[in-house]
Structures are given as C-alpha cells and as structure tokens.
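A.B. asks:
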Amino acid sequence: MRINRRLWLFLALIGAAAWTQTLAQNQAGSGPVRIVAGPYLQSPSADSMTIMWITDRNATGVVEYGASEGGLKTALGSHDGLIDSNERIHKVALIGLSPGTAYRYRIVSREISNFGPYKVDFGGTVESGFQEFRTLDRRKQDYSFLVFNDLHDIPATFPELLKAAGERPYDFVVLNGDVLSDFSNESQITLMLSAAVSSFASRVPLIWIRGNHETRGAMARQFASYIASPNGRYFYTFDHGPVHFVVLDTGEDKNDSNPEYSGLVDFSRYRREEAEWLKAEVQSEAFRRAKYRVVFAHMPFPSASRRTEGQTIPGQMNGMADDYQNFGAVLENAGIDMMISGHVHTPAIIDAEPGRHSYPIVRGGGPKGEGRTIIRVDVNDSGLEAGVLRPDGSRFGTASVAARR
Numbered sequence: 002m003r004i005n006r007r008l009w010l011f012l013a014l015i016g017a018a019a020w021t022q023t024l025a026q027n028q029a030g031s032g033p034v035r036i037v038a039g040p041y042l043q044s045p046s047a048d049s050m051t052i053m054w055i056t057d058r059n060a061t062g063v064v065e066y067g068a069s070e071g072g073l074k075t076a077l078g079s080h081d082g083l084i085d086s087n088e089r090i091h092k093v094a095l096i097g098l099s100p101g102t103a104y105r106y107r108i109v110s111r112e113i114s115n116f117g118p119y120k121v122d123f124g125g126t127v128e129s130g131f132q133e134f135r136t137l138d139r140r141k142q143d144y145s146f147l148v149f150n151d152l153h154d155i156p157a158t159f160p161e162l163l164k165a166a167g168e169r170p171y172d173f174v175v176l177n178g179d180v181l182s183d184f185s186n187e188s189q190i191t192l193m194l195s196a197a198v199s200s201f202a203s204r205v206p207l208i209w210i211r212g213n214h215e216t217r218g219a220m221a222r223q224f225a226s227y228i229a230s231p232n233g234r235y236f237y238t239f240d241h242g243p244v245h246f247v248v249l250d251t252g253e254d255k256n257d258s259n260p261e262y263s264g265l266v267d268f269s270r271y272r273r274e275e276a277e278w279l280k281a282e283v284q285s286e287a288f289r290r291a292k293y294r295v296v297f298a299h300m301p302f303p304s305a306s307r308r309t310e311g312q313t314i315p316g317q318m319n320g321m322a323d324d325y326q327n328f329g330a331v332l333e334n335a336g337i338d339m340m341i342s343g344h345v346h347t348p349a350i351i352d353a354e355p356g357r358h359s360y361p362i363v364r365g366g367g368p369k370g371e372g373r374t375i376i377r378v379d380v381n382d383s384g385l386e387a388g389v390l391r392p393d394g395s396r397f398g399t400a401s402v403a404a405r406r
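Residues 2 to 406 in my numbering are what the sequence shown lists, from first letter to last.
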C-alpha cells in the first residue's frame with residue numbers, strides 16, 4: 002500500500018513527538034520527583050532573600066520559612082495572577098524580612114504529572130531539610146566575604162579553596178565570572194551549583210556574576226533563569242554594612258564582529274546602555290552616603306593587565322578596552338575604593354594608578370593547580386583588606402584601603 006507524502010509526514014511528526022515525550026520521561030526518571038540542585042540563596046538584602054532550586058521534572062515550588070524562634074510562613078512565586086508552577090527552575094523571593102536576622106527555611110515541590118486546562122494531576126512531593134540563613138544588615142560594621150573566579154567547570158575547587166580561606170565566618174560568597182567554560186547543557190550548571198550547595202550556598206548567599214564564558218554556548222541566553230538579582234539584570238548594586246557594592250557585567254572579551262560569535266552578540270550597544278545606568282548609579286544616595294565603594298568586574302581594565310611574578314599576561318582584548326572606554330572615566334571620578342576581578346588566570350594586586358584607576362584592583366587566579374586562588378575581604382570601621390590566598394592557605398598578596406569617609 003502506498004502512503005501519500007502528506008500522510009507520511011503527519012505520521013512521522015506524531016512519531017517524533019511521541020519519541021520526544023518518552024525521552025523526556027526517561028530523563029526525568031520513573032521514581033519520585035527529585036531536587037537536582039538546591040536550595041541555594043540568591044539576591045540577598047537587608048529585608049529579602051531569594052531561594053532557588055531545580056527539580057528533575059515540572060512541579061510546584063513553595064518555601065516554608067520563619068525566624069529561628071517562631072512559627073512558619075509559606076511563600077511562593079506569583080506573576081500576573083498566576084502562581085508559578087509546571088516548572089523545573091524554582092525561584093521564590095522572601096520579602097519583608099528583618100535586617101541581620103536568622104531565618105530557617107525548607108523548600109517543597111509537588112510534581113505536576115499532567116497540566117490540563119481544567120484539571121491538573123499531581124504526583125509525589127519532595128522537600129528539603131531545614132536550613133538557616135541570615136539577612137544582610139547595613140548596621141554591621143565588621144564582617145568578611147569571599148570571592149571565587151574562573152573555576153571553569155571544576156566543582157572540587159569550592160571545598161578545596163574554602164579551607165584556604167580560614168576559619169573566619171563569611172557573610173556572602175561571590176562567583177566573579179567564568180564558573181562555567183560555556184553553557185551548553187544544564188548538567189554543567191547543576192554540577193557547579195550542587196558543589197556550592199554542599200559547601201555553603203544553602204546557608205550563605207551566592208552572588209554569581211556573569212563572565213565572558215557564561216555568554217557562550219547554546220544555553221547562554223537562559224543563564225538568567227538560574228540566578229536572581231535585585232533588578233533582574235546582570236549589572237546591579239547591593240549594600241551590606243558600610244559597603245556599597247557595584248556589580249558590572251563586562252561582557253565578551255573580543256569585538257562583536259569576531260568570527261567566534263557568529264554574528265550573534267551585541268555587547269558594544271549593551272555596554273553603552275550599562276554605562277548610562279552606571280552614570281546614574283554613582284549619583285544615587287546609596288552610593289554617595291556609603292563609607293566604602295567596591296566594584297566587582299569579571300574582566301579588569303586594560304591598564305590592569307601587566308607582567309606578574311614572571312608570567313606574561315596576554316595582550317589586550319578589544320572587549321576589555323571597550324569596558325574601560327565605557328566605565329573607566331565614570332568610576333575614576335566616583336571615589337571607588339577597590340575593584341575585584343579575574344579573567345586573566347594569573348593573580349595580581351595592582352596598585353592605584355591615578356588618572357586610570359585611583360583604586361587598587363585585586364585579581365584572582367586561574368582554574369588549575371597552584372594558580373587557583375580565593376579572595377577574602379575583611380571589612381571593618383577602619384578599612385578594607387583583601388587577601389589573595391593560594392590553595393595551601395599561603396598569601397599571594399594583600400590590598401589594604403583605609404577609611405576615608
């Protein structure tokens with residue numbers, strides 16, 4: 002019997018759809034719904050915290066939370082009248098919290114096995130154990146935070162370098178870009194997030210700044226779904242104690258026209274937009290009243306790339322020069338106290354250079370061996386001290402800034 006071409010195509014499409022559905026079911030597994038990464042803390046502030054996690058199949062997502070002493074409340078995500086559901090990536094903001102206060106919480110997800118227009122079928126439920134976090138606090142004068150950079154898909158770096166950071170508690174952790182070598186599949190990000198959760202990220206907030214390698218790969222345009230920020234952008238600010246933090250997104254390290262990008266990036270325009278935001282930000286009340294002003298930027302400015310400890314630094318990339326063209330003069334005139342960066346894979350303490358950058362630039366190391374570093378920054382009323390630490394705990398170098406406001 003001959004089948005006409007239209008019928009053959011129709012049957013082929015049905016078969017492909019069934020195969021795709023079966024593949025998705027097999028990937029999710031046949032057991033109960035599972036948490037594949039999380040919970041991890043995002044977008045911390047004095048009065049809010051965002052809780053995120055990823056399940057292996059579509060589910061609902063709620064957070065049960067409360068102060069360490071007292072009953073529990075329930076929070077969930079809701080947009081335009083619809084409760085967030087039938088999703089795998091869960092993002093729930095806890096708002097109306099008190100500064101510097103400890104809260105306990107757990108996450109709960111209920112599988113959605115079929116989402117019909119008039120009836121939804123539910124499957125099993127999964128919940129985490131209780132964890133505890135503490136909100137940020139503008140009144141806190143003495144604390145530390147940690148900075149990783151350029152891990153490039155090596156999860157073991159988290160526990161190994163945390164040992165080098167010492168016993169002093171830390172209030173948040175910054176991932177200053179290139180935690181991934183590219184973002185081609187979800188397993189890359191769940192691997193790194195799971196390692197961070199095991200080490201700290203369910204108890205201490207994680208601030209993941211986009212590096213140039215997070216802009217590469219088939220899933221780079223979905224990266225924002227896996228993190229949270231105060232304004233939903235990759236550039237933003239936050240405050241803790243006497244410090245006002247400015248997070249810059251430095252984009253890619255080459256011209257938009259570079260063949261590596263296949264004509265699919267637009268960072269020149271994007272940086273101009275970001276520069277306009279930065280000009281307004283340095284005039285804000287929060288910026289002007291801050292005792293200290295610290296900038297995170299994955300790529301350092303051009304004047305910061307130079308020979309360090311006998312190692313040759315690669316020549317300048319045009320993206321780095323464009324960063325300086327857009328952001329350099331604004332920051333130079335804004336009274337910045339310190340910039341923390343990475344990207345070059347060699348650590349450096351770069352002294353202030355008035356006229357270029359009137360603030361020290363602290364640069365972390367690379368992803369392998371003894372070239373790896375963790376940066377610990379200690380904040381107190383008299384100044385800032387940033388130590389670049391090697392895996393064995395020895396100190397590569399220190400940048401100190403005395404209080405001047």
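Backbone N, C-alpha and C define an ideal beta-carbon position, used for all residues, glycine too.
1) Less than 8 Å between the beta carbons of Phe173 and Ser46, yes or no?
2) In whole angstroms, give me the CA-to-CA distance for Asp352 and Trp209.
3) What separation, rounded to the nearest whole angstrom, lies between the Cα atoms of Lys292 and Leu385?
4) May I have the straight-line CA-CA distance separating Leu400 from Phe236, to the nearest angstrom?
5) Are the CB atoms of Arg111 and Tyr66 within a distance shorter than 8 Å?
6) Three-state secondary structure (DSSP) at Glu70?
7) By the DSSP assignment, the beta strand (DSSP E) with Thr51 in it spans what residues?
8) Confirm, please, whether the CB-CB distance from Pro361 to Ile375 is below 8 Å.
9) Use the C-beta contact count for Gln142: other C-beta atoms within 10 angstroms, 16 or more gives buried, fewer gives exposed.
10) Could you give the distance in angstroms between the alpha-carbon of Ser195 and the alpha-carbon of Val37?
11) Quick check for students: name the residue ranges of the beta strand (DSSP E) that lie wholly in the segment 83-130, counting only runs of 3 or more.
12) In this structure, how does DSSP classify Met300 when only helix, strand and coil are distinguished?
13) Could you pull the start and end residues of the beta strand (DSSP E) that Ala351 belongs to?
14) With DSSP as the reference, identify every bridge partner of Ser79, one or two as the case may be.
15) By Cβ distance below 6 Å, which residues in the same chain neighbour Leu192 in space, the five residues on each side in sequence not counted?
16) I need the DSSP call for Glu253, collapsed to helix, strand or coil.
17) Looking only at C-alpha atoms, which of Thr158, Gln326 and Asp183 sits nearest to Ser199?
C.D. replies: Reading off the structure:
1) No, Cβ-Cβ distance for Phe173 and Ser46 is not below 8 Å.
2) Straight-line Cα distance between these residues: approximately 26 Å.
3) Cα-Cα distance, rounded: 11 Å.
4) The residue asked about is misnamed: residue 400 is Ala in this sequence, not Leu. About 24 Å.
5) It is not a contact, given that the beta carbons lie outside the stated cut-off.
6) Coil, per DSSP.
7) Unbroken beta strand (DSSP E) run through Thr51: Ser49 to Ala60.
8) No, the pair does not count as a contact, with Cβ atoms beyond the cut-off.
9) Label assigned to Gln142: exposed.
10) Going by the C-alpha atoms only, they are around 8 Å apart.
11) 88-96, 103-116 and 121-128, all fully within the segment 83-130.
12) Looking at Met300 - three-state DSSP - the assignment turns out to be coil, as it is neither helix nor strand.
13) Checking the sequence shown, residue 351 turns out to be Ile, not Ala. Counting along the chain, the unbroken beta strand (DSSP E) around Ile351 starts and ends at Ala349 to Ile351.
14) Looking at the DSSP assignment, Ser79 forms a beta bridge with Ile84.
15) So the list reads Pro156, once near-sequence residues are dropped.
16) For Glu253, the three-state secondary structure derived from DSSP is coil.
17) Put simply, of Thr158, Gln326 and Asp183 the residue whose alpha carbon is nearest the alpha carbon of Ser199 is Thr158.
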